[in-house]
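Visitor: With positions in the sequence shown counted from 1, the corresponding number in this note's numbering is that position plus 93.
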Amino acid sequence: MAASDSARVLITAALPYANGPIHIGHLAGAYLPADLYARYQRLQGRDVAFICGSDEMGVAILMRSLKEDTTPREIVDRYHPQIKEAFDRFGMSFDHYGRTTSDVHRETSQDFFRALAAKDTFTLTAEEQLYDPEAEMFLADRFVRGTCPVCGYEEAYGDQCEKCGSSLSPKELINPRSALTDATPEFRETTHWYLPLGELQPKLEAWIDAREDWKPNVMGQVKSWLTEGLRDRAITRDVPWGVPVPPDVAEAAGVAAEGKVIYVWFDAPIGYISATKEWAQAQGTPDAWKTYWQQDDTHLVHFIGKDNIVFHCLMFPAMLMEHGDYVLPAQVPANEFLNLEGRKLSTSRGWAVWLHEYLDDFPPDLLRYALATTLPETKDADFSWTDFQTRVNSELADVLGNFVNRTLTFTHRFFDGEVPPLQQVTAEEQAVLDALAAAPARIGDAYDSYRMREAIFETMQVARLGNKFFNDSEPWHTRKTDPQRAANTLHLCLQLCAALGVWLDPVMPHRAARLRAMLRLTDVRTSAPDAPASDRGWTAAGQPLLPEGHAIGEAEILFSKLEDDTINAQIENLRTRAAEMEESTDTPTPDTPSPEAPYAPPKDQITYDDFVKLDLRVGTVTTAEPVPKADKLLRLEVDLGYEERQVVAGIAEHMTPEEITGRKVVVVANLQPRTLFGLESQGMVLMSEDRDGTLNVLAAKGENGAVVL
Ligand SMILES: [Zn+2]
């Protein structure tokens, strides 16, 4: 069933983990597509609840607090407001943004747990687990350290060795010790509740098989989990941070409830329900959440990144099915991953663009637009700062901004700032009216089918059409030779601008509002959660919105171009931070390549002209020496024949100064110099990077200064 056939649309976006800020990978994976969809549905006049919140439970937050010698509460109280504020500034239009430390969430999760326990859904299993006698607590995998049985690394975790990448269980560690107290842990028996997913698999499989319109990347992952066979999964654990297991359930089962909490994978999705309850309470209709979650004519959509597919397509549906009172998701349009400048995003390596930092430098709508046009909808996609600049300059400024500006300026100069009459419509002009009328269904279909990139492209096509029509109609001539033609041209261009004021609202809500203000276009529906009702919404914008004689407001510049310096500063920042993080990190890099390590994604095609801009030269390394305080860098002097260059290269971990001295290398000779650790690097030495991160300096032949073609 499509959203348009449903009584209401319930939209969730993955709960971000409250132990760090939001970056562009999160935005492209779940948040921006969810917001585009919610805003579009509101413009269609549909009944929408758009729900999200911070995931504040779980061992990662506990770990973080121990590392920083503080409390989990302090960690989530720091990040929850930071995330919420960044989302607000970005224009995320949640109806409610909750948090899983709320009382409502605790009660809702416990009620859910209680309901499943009452139906005998769970199984109980007693097992031996590691216990720290000094801290008097059971140790989750990450709280146990010891020697890796595979490679001998002494700081391996209970679940994984970060040196060799092996997956481990705490029992396999040699000389295990508690990460909390350093005490030697002992085995103690403890009892846990399990969700018997193995038993539930046939039911889930039947439901999955009936999903006809789910994305292939989502179905592929779900089917492979099912083929492998679902394993029963613990839903409780012994850690001091989480939603407590309901004491009455524990008592009935004869298990001591103390210290037992609900596993975060189980309580987190219930966070969608509890946040909806909080929203309903705030509206003064405390039972309204049931309408959204429990009535069959709700269209429930979970927006998530691909790392969350198994939880939203199998585990949460299994929980909802077993409970019995809830609707199941109609769609889970998970996205793939976003890379940054051709490399995998990595917060620990500092390779990310943080939302709150971006917003200090640029307006939100530029990133919304640039990301919306590159969403990883079917495969991984790449964000680069130069692509961002191109989108802003060549699409927003040159196409959209230019069209709006010339239309409004011309109207002020030659038509007293009023919408001229449309009379004696020609075939060309009728074609514009027809295109306007057809656009809402075409763009809307893309949104309704979760093809956001296409929806944004088709929206921009309206501006492209407007620019072309303005050019072809040449109103600067016809205003003298055939005034009615010029009047018709401007009338139609103004109607296209007005329609864009509505249709751009999902992707650029702030700029769309400015455009509507310039046109003095009022009494249209907007995509804000609390927008006043209006009959003039998504579809109505396919008909002329501005009456003849309507006085428009002043024209302003809607988009300014971004300078090269501005963009280069961002790239420089990114590189510098990544270099600093690499310096300070104490995490070992794996010695052996992980067999699943992905190849770097292919880059966009370039023209031959792009290629010949590179000045590649053969040079000989005459001197090489370490850079003080920078373990990864070497300072090289390279003889290019016609001059000597100083190059700072990040190869110190792969090559000694002696090994590289005297070698012939390829140098990018016309790269803008940049400063690293106080040294100016006047070029770059070409290297290859294996999938495990090994760098190899490329060997060159020929005389110094020879051009590489
Ligand atoms: Zn190891």
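Note that the Cβ used here is the ideal one computed from N, Cα and C, for glycine as well.
All of these numbers come straight from a predicted model, not from anything done at the bench.
(1) Can you name, in chain order, every residue of its own chain whose Cβ lies under 6 Å from the Cβ of glycine 494, other than the five neighbours on each side?
(2) Sorry if obvious, but does the Cβ on tyrosine 124 come closer than 6 Å to a heavy atom of ligand 1?
(3) How about glycine 776 and alanine 762: do their beta carbons lie closer than 7 Å?
(4) What did DSSP end up calling serine 542 once you bin it into helix, strand or coil?
(5) Can you say whether glutamate 292 is buried or exposed, counting buried as having 16 or more other CB atoms within 10 angstroms of its CB?
(6) Tell me the DSSP bridge mates of threonine 391?
(7) Quick one: grab the DSSP three-state call for proline 750.
(8) Using a Cβ-Cβ cut-off of 6 Å (strictly less than) and excluding sequence neighbours within five positions of serine 367, which residues of its own chain qualify?
(9) Inspect the beta-carbon positions of valine 740 and serine 774 and report whether they are closer than 7 Å.
(10) Counting pairs of Cβ atoms below 8 Å between the region 356 to 373 and the region 329 to 343, do you hit three or more?
(11) In the structure shown, what three-state DSSP assignment does cysteine 145 receive?
(12) Could you tell me if leucine 707 is buried or exposed, where buried requires 16 or more neighbouring beta carbons within 10 angstroms of its beta carbon?
(13) When the Cα of arginine 756 is compared with those of Leu515, Leu232, Leu791, Arg613, which residue comes out closest?
(14) For the region 306 to 320 against the region 248 to 262, are there 3 or more C-beta pairs whose distance is under 8 Å?
(15) Does the Cβ of leucine 593 have 16 or more other Cβ atoms within 10 Å, making it buried, or fewer, making it exposed?
(16) Do isoleucine 664 and valine 446 have their C-beta atoms closer together than 7 Å?
(17) Check the C-beta distance from leucine 639 over to alanine 591 and give it rounded, since I have them as a contact under 8 Å.
(18) On a CA-only basis, which of Pro622, Asp783, Pro469 is nearest glycine 138? Give me that one, please.
(19) For aspartate 732, which option in Asn797, Asp657, Ile753 has the closest C-alpha, if you only look at C-alpha atoms?
(20) Go ahead and pull the three-state DSSP assignment for leucine 558.
(21) Provide the residue span of the beta strand (DSSP E) that contains glycine 239, from first to last.
(22) Can you grab the Cα-Cα spacing for the pair threonine 163 / alanine 346, in whole Å?
(23) If we ignore side chains and look at the alpha-carbon of each, how far apart do asparagine 486 and glutamate 656 end up?
(24) Quick one: using the 10 Å Cβ neighbour count with 16 as the cut-off for buried, is leucine 371 buried or exposed?
(25) Measuring alpha carbon to alpha carbon, tell me which of Glu429, His395, Arg618, Arg442 ends up nearest tyrosine 130.
(26) For my contact list, glutamate 220 and histidine 285 are in at a C-beta cut-off of 8 Å; report their separation, rounded to the angstrom.
(27) Using a 10 Å radius around the Cβ and a threshold of 16 neighbouring Cβ atoms, would you call glutamate 488 buried or exposed?
(28) When you compare only the Cα positions, how much space is there between valine 492 and alanine 327?
(29) Any heavy atom of ligand 1 within a distance shorter than 6 Å of the CB on lysine 256?
(30) Rounded to whole angstroms, what's the CA-CA distance from glycine 146 to aspartate 128? Just pull it up for me.
(31) Within its chain, find whatever has a CB closer than 6 Å to the CB of threonine 105; leave out the 5 residues flanking it on each side and keep chain order.
(32) CA-CA distance, asparagine 789 and methionine 611?
(33) Span of the beta strand (DSSP E) holding proline 289?
(34) On a CA-only basis, which of Ala299, His570, Leu589 is nearest arginine 557? Give me that one, please.
(35) Taking the straight line between their C-alpha atoms, what separation do you get for valine 555 and alanine 411?
(36) Among the residues of its own chain, which have a CB less than 7 Å from the CB of alanine 95, if the five just before and after it don't count?
Guide: Put simply:
(1) Leu651, Phe652
(2) no
(3) yes
(4) coil
(5) exposed
(6) Arg101
(7) helix
(8) Val197, His198, Thr201
(9) yes
(10) yes
(11) strand
(12) exposed
(13) Leu791
(14) no
(15) buried
(16) no
(17) 5 Å
(18) Pro622
(19) Asn797
(20) helix
(21) 237 to 240
(22) 35 Å
(23) 9 Å
(24) The amino acid at residue 371 is misidentified as leucine; the sequence shows glutamate. Buried.
(25) His395
(26) 7 Å
(27) buried
(28) 55 Å
(29) yes
(30) 14 Å
(31) Ile144, Tyr365, His395
(32) 56 Å
(33) Proline 289 -> no beta strand (DSSP E), and no H or E assigned at all.
(34) Leu589
(35) 44 Å
(36) Asp541
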